[in-house]
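Each remark here refers to the structure printed beneath this line.
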Amino acid sequence: MAKYSSKINKIRTFALSLIFVGFIIMYFGIFFRTHFLVMSIFMLLGLLSIIASTVVYFWIGMLSTKAVQVVCPNCNKPTKILGRVDMCMHCREPLTLDPNLEGKEFDENYNRKSQTTKM
Ligand SMILES: [Zn+2]
């Protein structure tokens, strides 16, 4: 089974790794301080990577405002859905906004609810 995580979390991890990559590139640049041109290229690449990550972070902010906030039926915590199908941030329960798929999810919930009320 593949490791699943919600889309926003995935992008956030990507942005964080970009910052680390940027710092690593800049760190390597220090080794070439005798060659000014090589060092400048490393520093520039590192800086670009860090700028890219801030752009990605800004993009997450934009996406978060577009994402639909719902209460997860599985763990009852508020989470955000991005696109038609996404995972719960807390318990990785698959969530959907698609009406065709929603029917199936709702059936499962009603089954669970009826089971708990019977008990
Ligand atoms: Zn959940």
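In terms of this note's numbering, the sequence shown has 88 at position 82, counting the first letter as 1, and numbering is strictly consecutive.
Glycine included, each C-beta is placed from N, C-alpha and C at the ideal position.
So what does DSSP say about residue i, is it helix, strand or coil?
i           : result
residue 126 : Outside the shown range of the chain (7 to 125) lies residue 126, about which nothing can therefore be said.
residue 113 : For residue 113, the pLDDT reaches just 48, beneath the cut-off of 50, and the residue's location in the model is therefore unreliable, leaving the point undetermined.
residue 93  : strand
residue 103 : coil
Among the options, which residue has its Cα nearest to the Cα of residue i?
i          : options           : result
residue 82 : 97, 73, 71 and 74 : 97
residue 78 : 44, 99, 71 and 18 : 99
residue 16 : 94, 47 and 31     : 94
residue 49 : 36, 40 and 61     : 36
So residue i is in the alpha helix (DSSP H); what residue range does that whole segment cover?
i          : result
residue 86 : Per DSSP, residue 86 belongs to no alpha helix (DSSP H); it is in the beta strand (DSSP E), 84-87.
residue 4  : Residue 4 lies beyond the stretch modelled for the chain, which goes from 7 to 125, so this question has no answer here.
Spatial neighbours of residue i within its chain, please: CB distance less than 6 Å, with the 5 preceding and 5 following residues excluded, ordered by chain position.
i          : result
residue 92 : 12, 13 and 101
Assuming residue i contacts residue j (C-beta within less than 8 Å), just tell me the rounded distance between them.
i          : j          : result
residue 59 : residue 25 : 5 Å
residue 66 : residue 28 : Wrong, their Cβ atoms sit about 17 Å apart, outside the cutoff.
residue 38 : residue 45 : 5 Å
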